[in-house]
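Data first, discussion second: the structure below is written as structure tokens.
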Amino acid sequence: MADLSTLVGERIRQQRKRLGINQEKLALIADIDRSYMGRIERGEVNVTLDKLYGLCVVLQCEAADLLPLRAELDRRQE
């Protein structure tokens, strides 16, 4: 499932950049340690649902926007 964490992290990073927010500001507003935020974006840790929903508030998106489609995950694991 490391690929799932990587895909979620990539989507978080894409949405953050789309909004023009740097990683430090995102972490501060979402009340997440900045180094942990970096680990989330790199897919090194599994983000909790609480943190994911908190990030969605800051990133102005729905959780589904940050989760890959199953087909995308399947392709990545092949």
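Per the UniProt record's numbering, the sequence shown starts with residue 1, numbered consecutively. Note that CB positions come from ideal geometry on N, CA and C, so glycine has one too. Keep in mind it's a predicted model, so treat the numbers as computed, not measured.
Using the C-alpha atoms, what's the distance from residue j back to residue i?
i, j, result
"Gln-77", "Glu-24", "31 Å"
"Arg-13", "Leu-52", "13 Å"
"Gln-60", "Ala-27", "14 Å"
"Ala-71", "Asp-65", "15 Å"
"Ile-29", "Val-45", "20 Å"
"Arg-75", "Arg-11", "16 Å"
"Leu-73", "Ile-21", "27 Å"
What first and last residue would you give for the alpha helix (DSSP H) that runs through residue i?
i, result
"Arg-42", "Counting along the chain, Arg-42 falls outside any alpha helix (DSSP H), and DSSP gives it neither H nor E."
"Leu-28", "23 to 30"
"Glu-72", "70 to 77"
"Cys-56", "49 to 59"
"Leu-66", "63 to 66"
State the CB to CB distance for the pair residue i and residue j, rounded to an integer number of angstroms; the pair is presumed to be in contact (CB under 8 Å).
i, j, result
"Val-8", "Val-47", "6 Å"
By a C-beta neighbour count over all protein chains shown, 10 Å radius and 16 as the cutoff for buried, is residue i buried or exposed?
i, result
"Glu-41", "buried"
"Arg-18", "exposed"
"Gly-43", "buried"
"Leu-55", "buried"
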